[in-house]
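Trainee:
Numbering (the numbering used here), first residue to last: 5 to 702.
Rendered as structure tokens:
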């Protein structure tokens, strides 16, 4: 493939709600540009950018894929991203490599939940973006209604620069409001329109749209406004230059239209990328860090080679495949760069550019371009590679903590031996996934962004690595504690012939402040118990507490003071005093009002304001305590303290309550007493499980 300079490169993130047609649009652009030999479709499982087995089976994009369209002397790197709520953070990560975004909107459904989410990502990165109204060949599609919806949600700085000719099944052409030219298409053909007259019944609407466009562009710059007042219009070249500048500065957001399925408008969209979307060199303020110092630099060839890894694929055959963007200098085959995180040297063997799954070798890549290299030893997503001792790194993207976790176990011993390594490989490519052992329950947990996310991982384990696992709800790490104080005796005496066993201790047991755990004090005077046996008493109490009293959960936040006892010169031993301590533990727990503690989580829920009432009622029903509310635009944020046991199914419930528009974060806050009705159920279930029976009502 030809090597392109930065000024001729366009990196476009294709983002939007699931099923709005992003992958079909990418496919149509590749076909129209000549990069693909035929127009492939997601429902046929043959598109260039949905090549993963799971994507083909589910007919959705699961992770970002990159493909290249060459058009009008430009190289257009298209980043086709997922659009479902549980996978949407992958789109956010991909935008790190983009210089502009194309927000695709379904012309039937209009602005949807994830449309707003991805638009928020573009705001987060101050990224130029354009709206594309897709599927205008469908029944009930309506361009005018969709434009109104876009402007209602995102403001009037979004405006149409095209108008569709015909609607629904009769959609067959597009009017370019900037040039005032119309183009007619043959549905399903090569995507290149033939210039035609503007239809008489659309002439007035086109004229009004053109005049509005001229005014909007003129308002963006004083020189253009003066020219507009003087001439009453703007020359086309000045309009192009003015619109390009306003787009690059993230001030204006054009709305285009078409149908990816019928391949209508793709040539005009490619023209738009080449003419109006900013090249990487126009991105003058790349934020980096050198130690604790913030550094702002432009993207340029005239510097040392540096690149940022924005995506990793773990291929079971090719190994680790790293997708990167060159932020400075020229990266060449066999370059040796250093990983700024690990300090290790990496050899860039076989530098390539991606065309979906296919990797095309290139000799070099200029600043601003996107490339791929395989088998980097110590480099992961988010790493910066550059010259030795550069110490300059790009800001690593942080991701929200997982919102759902399942306990995971291997189905067979053979699966168990391979499960850890297989998950470790998947973790390399999925920064939203977590895998860890919960020290409280000793369960291995697989945590992700939602049930769909976890299901995909389990399927990949089976198909890629031949590892079968089972999932189940994680155990809630309950604890036991005491509310009362008591002094009790633990006496162990056993005579079996020869040496007997004898240990006798008096202990004072009392509660401690929450979070203080277990403490032990020796208050024996006068040698009632020899010093060498006191540690055995402490160990016996601690071991008994680890197994619990009420329901087998560890006892916490309590203090034991041994203050008296007796011993036998021959029959006493460490084991005898451990047994005495265990008996003292049972007696103390019976007398000290034992109770259950449960983990309480700090939960923050974000959803559109209209769902606030339902969400508050639901959290209250989960024994939650609302701690505050905050309105952020059209979004309501609720903060609450909710028992962990009530949050195990919250991800799916929230999706249902908010039509997929709600998100939440959750982290541990503290332990608190379990109310008696719930405590009785937990204790009964624990005892039933211990005896091998389960009460279905519980």
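Cβ atoms here follow ideal geometry from the backbone N, Cα and C, with glycine treated the same way.
1. Name the two residues that bound the continuous beta strand (DSSP E) containing residue 397.
2. Identify whether residue 538 lies in helix, strand or coil by the three-state DSSP scheme.
3. What whole-angstrom Cβ distance do residue 10 and residue 303 have, given they're in contact under 8 Å?
4. Does the beta-carbon of residue 614 have 16 or more other beta-carbons within 10 angstroms, so that it is buried, or is it exposed?
5. Identify the continuous alpha helix (DSSP H) that holds residue 622 and give its terminal residues.
6. Short of 6 Å in beta carbon distance, which residues of its chain neighbour residue 467, apart from the five on each side in sequence? Order them along the chain.
7. Taking the C-alpha atoms as reference points, what is the distance between residue 545 and residue 527?
8. If contacts are defined as beta-carbon pairs under 8 Å, then residue 566 and residue 509 qualify, I think. What distance do you get, rounded to the angstrom?
9. Would you call the CB atoms of residue 259 and residue 113 closer than 8 Å?
10. What's the C-alpha gap between residue 78 and residue 476?
11. Do residue 381 and residue 350 come within 8 Å of each other at the CB atom, strictly closer than that value?
12. Can you tell me the Cα-Cα spacing of residue 646 and residue 489, whole angstroms?
13. Alpha carbon to alpha carbon, how far is residue 285 from residue 17? Give it in angstroms, no decimals.
14. For the beta strand (DSSP E) containing residue 138, name the first residue and the last one.
15. Is DSSP giving residue 677 helix, strand or coil here?
16. Counting only runs of 3+ residues fully inside the region 287–352, write out the beta strand (DSSP E) ranges in chain order.
17. In whole angstroms, what is the alpha-carbon distance linking residue 301 and residue 20?
18. Give the C-beta separation of residue 172 and residue 143 to the nearest angstrom, bearing in mind that I take them to be a contact with Cβ-Cβ under 8 Å.
19. With three or more beta-carbon pairs closer than 8 Å as the criterion, would you say the region 86–94 touches the region 332–349?
20. Note down the Cα distance separating residue 580 from residue 530, rounded to an integer number of angstroms.
21. Could you tell me if residue 276 is buried or exposed, where buried requires 16 or more neighbouring beta carbons within 10 angstroms of its beta carbon?
22. Go ahead and label residue 460 buried or exposed: buried means 16 or more other beta carbons lie within 10 angstroms of its beta carbon, across all protein chains shown.
23. Going by the CB atoms, is the gap between residue 165 and residue 140 shorter than 8 Å?
24. If contact is defined by three or more beta carbon pairs under 8 Å, each pair taking one atom from either stretch, is the region 100–113 in contact with the region 122–139?
25. For the candidate residues 392, 562, 442, 232, whose alpha-carbon lies nearest to that of residue 589?
26. I need the DSSP call for residue 46, collapsed to helix, strand or coil.
27. Is it buried or exposed for residue 699, if we count other Cβ within 10 angstroms and need 16 for buried?
28. Exposed or buried, residue 233, counting other C-beta atoms within 10 Å across all chains shown (16 or more means buried)?
29. Using a Cβ-Cβ cut-off of 8 Å (strictly less than) and excluding sequence neighbours within five positions of residue 238, which residues of its own chain qualify?
30. Give the secondary structure of residue 693 by DSSP, where H, G and I count as helix, E and B as strand, and everything else as coil.
31. So residue 403 is in the beta strand (DSSP E); what residue range does that whole segment cover?
32. To the nearest angstrom, how far is the alpha carbon of residue 326 from that of residue 340?
33. To the nearest angstrom, report how far apart residue 503 and residue 524 are at their CA atoms.
34. At the level of alpha carbons, what is the spacing between residue 128 and residue 121?
35. Can you tell which of 672, 635, 626 has the C-alpha that lies nearest to the C-alpha of residue 658?
36. Could you name the residues that DSSP lists as bridge partners for residue 199?
Mentor: Let's see:
1. 396–398
2. helix
3. 7 Å
4. exposed
5. 616–625
6. 57
7. 16 Å
8. 5 Å
9. no
10. 51 Å
11. yes
12. 29 Å
13. 17 Å
14. 133–138
15. strand
16. 290–294, 297–301, 310–319, 323–332, 339–343, 349–352
17. 30 Å
18. 6 Å
19. no
20. 21 Å
21. buried
22. buried
23. no
24. yes
25. 562
26. helix
27. Its pLDDT being 43, under 50, residue 699 is placed unreliably by the model, and the measurement read from it follows with that caveat. When all chains shown are included, residue 699 counts as exposed.
28. exposed
29. 218, 221, 222, 228, 231, 232, 246
30. helix
31. From DSSP, residue 403 is part of no beta strand (DSSP E); its letter is neither H nor E.
32. 15 Å
33. 30 Å
34. 11 Å
35. 626
36. 187
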